[in-house]
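Input: a single structure, listed below in structure tokens.
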Amino acid sequence: MVISLEYKFTIQKSENDCGIAVSTTLINYYHNKNFGIEEIKFDNSLNDEMLSLYDMEKLLNNYHIEFTSYKCDYEEFKNLDITNPLVLNTLNKEGNEHFIIIYKKRKNLFLVADSNLKDLTWVSEKDFKSIYQGFLSITKKIEEVKFKTKSIFNWFTFINKFKTEVLMLFLISIILNVLILITNNFLKIYMENVAIKENQSIKFLFLIFLIVFIIQNAVSYFINKIVFNIKSKVSKTIFLFYKKKLINLEIEKFNSNSKEEWMKKLEHINLLSEFIVKSTISFPLGLILFLMSSLFLILISPLILTIVIIQNIISISISIFLFYLLKEYKIKKERKLINFSYSYREILDGFEEIKYKNIEDEIKSVNYKNFNATLKETKHIFNLNNKAELFFSLLNKFFFYLIFYISIIYINQSKFTVPDLLFYTSISFYINIFFNQLTNFILDLQEIIIADKSLSFIFANSENKDSSIIVKEIKTIEAKNLYSYKSDKCALNNFNFIFNKNTFIYGKSGSGKTTLLKILSGHYKKYEGTLLINENINTNKVDIKSYRERNIYLGQYDYLFNGTVWNNIQQFKNKTDLKIVEDFKILEILERNNIDLNKKIYDNGANLSKGQRQIINFLSLFFTSKDLYLIDEPLSNVDKHTAYYLFKLFMEQKKNSLIIMCDHDIAYSRYFENRVEVI
11 MVISLEYKFT IQKSENDCGI AVSTTLINYY HNKNFGIEEI KFDNSLNDEM
61 LSLYDMEKLL NNYHIEFTSY KCDYEEFKNL DITNPLVLNT LNKEGNEHFI
111 IIYKKRKNLF LVADSNLKDL TWVSEKDFKS IYQGFLSITK KIEEVKFKTK
161 SIFNWFTFIN KFKTEVLMLF LISIILNVLI LITNNFLKIY MENVAIKENQ
211 SIKFLFLIFL IVFIIQNAVS YFINKIVFNI KSKVSKTIFL FYKKKLINLE
261 IEKFNSNSKE EWMKKLEHIN LLSEFIVKST ISFPLGLILF LMSSLFLILI
311 SPLILTIVII QNIISISISI FLFYLLKEYK IKKERKLINF SYSYREILDG
361 FEEIKYKNIE DEIKSVNYKN FNATLKETKH IFNLNNKAEL FFSLLNKFFF
411 YLIFYISIIY INQSKFTVPD LLFYTSISFY INIFFNQLTN FILDLQEIII
461 ADKSLSFIFA NSENKDSSII VKEIKTIEAK NLYSYKSDKC ALNNFNFIFN
511 KNTFIYGKSG SGKTTLLKIL SGHYKKYEGT LLINENINTN KVDIKSYRER
561 NIYLGQYDYL FNGTVWNNIQ QFKNKTDLKI VEDFKILEIL ERNNIDLNKK
611 IYDNGANLSK GQRQIINFLS LFFTSKDLYL IDEPLSNVDK HTAYYLFKLF
661 MEQKKNSLII MCDHDIAYSR YFENRVEVI
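Count the sequence shown with my numbering and you get residues 11 to 689, in order.
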């Protein structure tokens with residue numbers, strides 16, 4: 011039975027790839043693409059764990075595909091009219107849970123895409139009944155997705171400011187190319203004049219070419235220096251732009267990537283700056299030399315030039331084939347490298363705990379497993395590249411001997427001379443260099459694509475609301491029907507309250523207290539419900555920056571920056587009201603808790619106790635002036651006497667501000683007029 015090519019199919023590569031293979035197939039089907047499993051994993055920061063129905067729903071939603079799951083017995087399923095692909099929960103041969111796609115039904119046969127198999131298959135109703143588990147998901151395309159296929163061209167905007175330098179390079183390169191061709195013509199001219207008996211003429215010939223050779227190398231040196239300077243400036247420009255965009259990111263967007271992924275982006279900046287310079291400078295310069303060399307070569311023999319071009323076109327074709335062959339391996343290697351970096355950082359960050367808990371062997375095992383996974387992908391890439399290099403070497407040798415054979419025939423027929431052959435040999439080198447540049451570029455293109463996707467956020471447009479309301483003061487906040495979800499868990503469940511006075515929030519661990527404070531800060535946008543400021547202003551309509559400037563959130567373990575204790579307390583400001591230090595006896599408080607004002611802090615306060623870190627962070631609030639303070643268990647590791655004393659001072663200083671605090675220590679509630687429980 012003939013199967014239409016419109017039906018997509020993806021083969022899973024491991025036992026856990028079932029869900030991602032089904033999702034990839036549906037994305038390719040609805041949007042007529044040919045994404046691989048690793049590409050979808052990389053683009054959506056997914057690990058190698060098996061996807062649940064909920065995970066698949068969330069993933070497909072990113073591609074505007076509706077995915078709704080139902081419980082359905084076999085008889086109901088059998089009578090369904092299948093117009094769109096269905097995803098079914100079944101059992102595989104080992105009796106494990108497995109997802110498959112049903113494309114259509116014909117009589118008593120189902121067209122099935124089972125990622126465990128090598129192709130689409132027709133399955134009978136009888137065979138299907140034995141594996142059906144009673145759950146199915148209906149899929150539907152909501153709308154087209156605009157895939158950013160041309161985003162890579164955005165990077166060329168960073169070369170615009172160096173137009174003058176680039177133009178100067180092209181002018182100099184023309185001179186350089188002429189010099190290169192002249193020096194390469196030396197052997198030809200020398201061989202043709204080897205019979206000259208006048209030593210003076212021979213010396214003069216050598217002297218001319220020596221001078222040209224020196225000038226050529228000097229010009230080449232300065233060109234390389236200019237190219238390097240342009241690349242450095244491009245890297246700097248991209249980094250500054252990246253840093254600005256990074257700082258302006260929303261917290262939720264930032265948290266969607268691990269620290270390892272953010273560190274990896276710095277490597278990608280260097281990779282993209284090289285790509286920009288190669289594409290706008292190195293390739294065009296190589297093209298000029300290629301054209302000039304070809305012009306000289308065509309005068310010697312159009313046939314030889316044709317053979318050289320054919321040889322290099324074959325090489326480029328092989329490179330394109332190899333690019334698609336290596337694509338999945340390179341994406342997978344990128345993910346595995348990040349996983350290895352993450353597990354290695356765990357050793358560094360948790361070194362003491364590893365020793366205290368005697369889990370050295372377990373941690374080493376995990377780290378070694380991630381290292382081997384990276385090594386495995388590197389080996390795949392190496393083996394393919396090695397085979398390709400062998401093929402390229404054989405190809406080059408074949409064409410070399412072919413051209414040499416033709417040249418001998420031409421020389422015997424007096425169509426050209428031995429000096430012509432020598433000149434061809436030197437000239438063809440530059441033709442091959444240009445094509446080698448193209449070949450290497452194609453082979454490295456996947457790394458460029460990965461880097462482009464990794465840094466694409468810097469070109470995202472910021473949301474600007476022309477009619478946004480500027481928040482000049484925060485007096486009250488009202489929360490109406492607030493819900494927040496993390497993965498498939500409800501983090502905050504239908505919270506309602508009016509914060510018009512200082513309020514103490516209490517509740518069990520995991521009830522959503524911290525989530526609530528972060529939503530109130532204006533930095534978290536993934537919630538359902540309504541927030542009203544000053545009784546009637548919806549936060550969706552305000553200038554969010556003006557709102558954030560009027561409030562501050564302090565967490566249980568806020569970050570301490572490298573610098574002195576004093577730098578962190580006064581938050582690196584050049585001007586500070588020192589009267590606060592005297593009025594609230596801050597020096598005495600620090601001294602009683604063994605904290606030196608001039609002590610250097612490093613690695614987020616690794617050289618301090620948890621209590622000392624909390625005291626430093628809490629004291630920093632005294633040097634701020636906000637309408638709203640959102641405080642989350644700020645002194646939980648400080649002795650009660652010091653904690654209550656500090657908090658009492660804080661409440662006295664901020665008596666004109668709205669203070670909302672959550673803590674498990676109910677004793678703090680005596681400082682607040684309102685109390686509310688988060689359930």
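Using N, Cα and C, we set each Cβ at its ideal position, and we do this for glycine too.
According to DSSP, is residue i helix, strand or coil?
| i | result |
| --- | --- |
| Lys342 | helix |
| Asn377 | helix |
| Cys82 | coil |
| Ile152 | coil |
| Thr321 | One point to set straight first is that residue 321 is Gln, not Thr, in the sequence displayed. Reduced to three states, the DSSP call for Gln321 is helix. |
| Ala616 | coil |
| Glu671 | In the sequence as displayed, the identity of residue 671 is Met instead of Glu. If DSSP states are grouped into helix, strand and coil, Met671 belongs with the strands. |
| Phe45 | coil |
| Gly539 | strand |
| Asp637 | coil |
| Asn548 | strand |
| Thr93 | coil |
| Asp642 | strand |
| Val686 | strand |
| Asn54 | coil |
Rank the options by C-alpha distance to the C-alpha of residue i and give the top, closest one.
| i | options | result |
| --- | --- | --- |
| Ala228 | Asn267, Phe249, Asn187, Ser242 | Asn187 |
| Ser292 | Glu601, Leu177, Lys511, Phe426 | Leu177 |
| Asp649 | Arg623, Val155, Ser630 | Arg623 |
| Gly539 | Asn491, Ala398, Ser311, Asp430 | Asn491 |
| Glu107 | Ala123, Leu130, Met60, Lys88 | Met60 |
| Asn627 | Ile590, Trp576, Val686, Gln663 | Trp576 |
| Ile669 | Lys589, Leu541, Thr513, Asn322 | Thr513 |
| Lys589 | Tyr557, Lys664, Ser619, Phe632 | Phe632 |
| Gly532 | Lys117, Tyr113, Glu262, Phe251 | Glu262 |
| Ile328 | Phe401, Lys463, Leu455 | Phe401 |
| Ile184 | Val155, Ser230, Asp430, Phe52 | Ser230 |
| Lys636 | Tyr569, Leu564, Ile599, Asn572 | Leu564 |
| Asn42 | Lys156, Ser79, Asp129 | Lys156 |
| Phe138 | Asp430, Asp124, His278 | Asp124 |
| Lys536 | Tyr113, Phe77, Asn265 | Asn265 |
| Lys18 | Thr449, Tyr113, Val688 | Tyr113 |
| Tyr534 | Asn550, Ser521, Gly520, Ser519 | Asn550 |
| Lys269 | Ser161, Leu347, Lys337, Leu281 | Leu347 |
| Ile568 | Ile599, Ser646, Thr586, Tyr493 | The sequence given here places Asp at residue 568; Ile does not occur at that position. When each option's Cα is compared against that of Asp568, the closest is Ser646. |
| Tyr354 | Asn382, Phe249, Tyr339 | Asn382 |
By Cβ distance below 7 Å, which residues in the same chain neighbour residue i in space, the five residues on each side in sequence not counted?
| i | result |
| --- | --- |
| Val552 | Ser478, Ile479, Val481, Ile543 |
| Thr486 | Ile508, Phe509, Asn510, Asn544, Glu545 |
| Met11 | Any reading at Met11 must be qualified, since the residue scores a pLDDT of 44, below 50, and its modelled position is unreliable; the value itself is stated next. The answer, listed in chain order, is Trp132. |
| Asn578 | Leu570, Phe571, Ile611, Ile626, Ser630 |
Keeping to the same chain, check which residues put their C-beta closer than 8 Å to that of residue i; ignore five residues upstream and five downstream.
| i | result |
| --- | --- |
| Phe172 | Ile240, Lys243, Val244 |
| Met273 | Ser351 |
| Leu15 | Caution applies to Leu15, whose pLDDT of 48 falls short of 50 and renders its modelled position unreliable; the model cannot decide the point. |
| Ile364 | Ile357, Glu370, Ile373 |
| Lys523 | Ile515, Tyr516, Gly517, Asp642, Cys672, Val688 |
| Leu70 | Ser33, Leu36, Ile37, Glu76, Phe77, Thr149 |
Short of 6 Å in beta carbon distance, which residues of its chain neighbour residue i, apart from the five on each side in sequence? Order them along the chain.
| i | result |
| --- | --- |
| Arg680 | none |
| Arg685 | Phe514, Ser679 |
*At least 3 beta-carbon pairs within less than 8 Å: the region 630-648 vs the region 518-538*: Between the region 630-648 and the region 518-538, the count of Cβ pairs shorter than 8 Å is three or higher; the stretches touch.
*Per the contact definition of three or more C-beta pairs closer than 8 Å, is the region 440-459 in contact with the region 300-318?*
yes
_If we require 4 or more residues per run, which alpha helix (DSSP H) segments fall completely within the region 426-474?_
Those alpha helix (DSSP H) runs which fall completely within the region 426-474 and span 4+ residues are 428-465.
*Would you call the region 143-154 and the region 96-113 in contact, with 3 or more CB pairs under 8 Å?*
yes
*With a floor of 3 residues, list each beta strand (DSSP E) that falls wholly inside the region 471-528, ordered by position along the chain.*
487-496, 499-509, 513-516, all fully within the region 471-528.
_Unbroken stretches of the alpha helix (DSSP H), 4 residues or longer, contained in the region 262-291_ = The alpha helix (DSSP H) runs lying completely inside the region 262-291 and spanning 4 residues or more are 269-287, given in chain order.
*Would you list, in sequence order, the uninterrupted alpha helix (DSSP H) runs of no fewer than 4 residues that lie entirely inside the region 561-598?*
575-579, 589-593
*Would you check if the region 383-398 and the region 341-350 touch, i.e. whether three or more CB-CB distances between them fall below 8 Å?*
Taking 8 Å as the limit for Cβ pairs, the verdict is that the region 383-398 does touch the region 341-350.
*asked:* Taking contact to mean 3 or more Cβ pairs, one atom from each stretch, closer than 8 Å, check whether the region 72-83 and the region 368-383 are in contact.
replied: Result no; under three Cβ-Cβ pairs closer than 8 Å.
*Residue ranges of each beta strand (DSSP E) within the region 110-149, 3 or longer*: 119-123, 131-134
*Answer yes if the region 87-97 comes into contact with the region 147-157, meaning at least three C-beta pairs across the two stretches below 8 Å, and no otherwise.*
Enough Cβ pairs lie closer than 8 Å, so yes.
*Does the region 247-256 come close enough to the region 216-223 that 3 or more CB-CB pairs lie under 8 Å?*
no
*asked:* Does the contact criterion of 3 or more C-beta pairs under 8 Å hold for the region 54-72 versus the region 27-43?
replied: yes
*Touch check for the region 458-471 and the region 160-170: three-plus C-beta pairs under 8 Å?*
Taking a cut-off of 8 Å on C-beta distances, the region 458-471 touches the region 160-170, as three or more cross pairs fall below it.
*Is the region 309-324 in contact with the region 401-409, if contact means three or more CB pairs nearer than 8 Å?*
yes
*Validate contact between the region 591-600 and the region 669-678 using beta carbons, cut 8 Å, 3 pairs*: no
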